[in-house]
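Residue numbers (the working numbering), protein chains in the order written: chain U, 1 to 126; chain V, 1 to 126. Heads up, the beta-carbon is just placed ideally off N, CA and C, and yes, glycines get one too. The model shown is predicted, which means the values in this text are computed figures rather than measured ones. The structure appears below as structure tokens.
2 protein chains.
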Amino acid sequence: MNAPSTTDIANAVKRYLDAVADGTAEEIADCFAEDATQEDPVGSGARRGRAEIEKFYSAIESARRKTELVTLRIAGDGAAFHFVVTTEMDEHAVEIGVIDVMTFDEQARITSMRAYWNSDDVRMLR
Amino acid sequence: MNAPSTTDIANAVKRYLDAVADGTAEEIADCFAEDATQEDPVGSGARRGRAEIEKFYSAIESARRKTELVTLRIAGDGAAFHFVVTTEMDEHAVEIGVIDVMTFDEQARITSMRAYWNSDDVRMLR
Numbered sequence: 001m002n003a004p005s006t007t008d009i010a011n012a013v014k015r016y017l018d019a020v021a022d023g024t025a026e027e028i029a030d031c032f033a034e035d036a037t038q039e040d041p042v043g044s045g046a047r048r049g050r051a052e053i054e055k056f057y058s059a060i061e062s063a064r065r066k067t068e069l070v071t072l073r074i075a076g077d078g079a080a081f082h083f084v085v086t087t088e089m090d091e092h093a094v095e096i097g098v099i100d101v102m103t104f105d106e107q108a109r110i111t112s113m114r115a116y117w118n119s120d121d122v123r124m125l126r
Numbered sequence: 001m002n003a004p005s006t007t008d009i010a011n012a013v014k015r016y017l018d019a020v021a022d023g024t025a026e027e028i029a030d031c032f033a034e035d036a037t038q039e040d041p042v043g044s045g046a047r048r049g050r051a052e053i054e055k056f057y058s059a060i061e062s063a064r065r066k067t068e069l070v071t072l073r074i075a076g077d078g079a080a081f082h083f084v085v086t087t088e089m090d091e092h093a094v095e096i097g098v099i100d101v102m103t104f105d106e107q108a109r110i111t112s113m114r115a116y117w118n119s120d121d122v123r124m125l126r
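As structure tokens, this is what we get:
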């Protein structure tokens, strides 16, 4: 199998950010390989496997969401990218600026994801 | 030993970027733990240990350099940050926008560094 190209990886990042903005938890989890690991934020402990990952994203499923890619860097089989995610639930809206680091398999599914952010990076919009 | 604080990590990133801008290869390597790993760019193969790391940075020692931190995210014992490095040698100047991912030991020395960039991120200024 070949390594994913930079175009494959850029498309996989876009697919992930689109799913986080508009998709169900299952659609987000489908961006990941079956036995992928996911840690969000880094330091909080890693999840493993699509079921655990889907459960994590089910927490945002009922919120209105928006994602915006700021900077994307691709190297080898990995990517690091700065993006902003906005989540609205009831009358509250929260914006978080995150740097995600991902590796990908030959089909450009996410094999690991680590999200760098802490409470200083969270902004209450209302 | 305690984990480094977010302030310790922010200072360590600043020290590293200052050393890349103004320091000798030895001063840059001093930001790393003795048995640290370093891969720049990701996919090119990792170096291990301060001697190999110092050798890597000796290639830029004679250039005029500048670094600018764009975005820093800290989580757990790690950091991911977008920065721009400009290198001038003879009549040529090159600018590269990079996302670095680092882990740190309890003394906030770099234990691993992975630099995400590829040839698309290199801009010839002259």
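What is the DSSP secondary structure of residue i, counted as helix, strand or coil?
i	result
S112/V	strand
A151/V	Coverage of chain V is limited to positions 1 through 126, which leaves residue 151/V absent and any answer about it impossible.
E33/V	The question names Glu, but residue 33/V is Ala in the sequence shown. Three-state DSSP puts A33/V in a strand.
E27/V	helix
E39/V	strand
D8/U	helix
E61/V	coil
Leaving out the 5 sequence neighbours to the left and right, which residues in its chain are closer than 8 Å to residue i when beta-carbon positions are compared?
i	result
D121/U	I96, G97 and V98
V70/V	F81, H82, F83, V84 and G97
P4/U	A12, D77, F104, D105, E106, Q107 and A108
R126/U	E91, H92 and A93
For residue i, count neighbouring C-beta atoms within 10 Å of its own C-beta (all shown protein chains included) and say buried if the count is 16 or more, exposed if not.
i	result
A115/U	buried
E54/U	buried
H82/U	buried
T103/V	buried
G45/V	exposed
A51/U	exposed
R48/V	exposed
Near residue i, what residues of its chain come up, given a Cβ to Cβ distance below 6 Å and the 5 sequence neighbours on each side ignored?
i	result
A21/V	R65, K66 and T67
D40/V	A115
V42/U	R114 and Y116
How long is the line joining the alpha carbons of residue i and residue j, rounded to whole angstroms?
i	j	result
R73/U	M89/U	31 Å
D18/U	A108/U	15 Å
F56/U	N2/V	29 Å
T87/V	T7/V	28 Å
T24/U	S58/U	8 Å
S62/V	K14/U	40 Å
Y16/V	I28/V	6 Å
Q38/V	N118/U	25 Å
I9/U	A79/U	7 Å
Counting only Cβ pairs nearer than 8 Å, list the residues of chain U close to residue i.
i	result
D121/V	R73
Using a cut-off of 7 Å between C-beta atoms, extract the partners of residue i located in chain V.
i	result
A80/U	A80, I99, V101 and Y116
Can you give me the Cβ contacts of residue i inside the same chain, cut-off strictly under 7 Å, excluding the 5 residues immediately before and after it?
i	result
T111/U	A33, A36, T103, F104 and D105
E26/V	E54
I60/U	T87
List the residues of chain V that residue i touches, going by C-beta distances under 8 Å, in chain order.
i	result
P41/U	A75 and G76
I want to verify the contact list: residues of chain V whose CB lies under 9 Å from the CB of residue i, in sequence order.
i	result
T6/U	N118 and D120
Compute the minimum distance between the beta carbon of residue i and the heavy atoms of the ligand FAD, and state whether it is under 8 Å.
i	result
E52/U	In the structure shown, the ligand FAD is absent, as is every other ligand, since no ligand is present at all.
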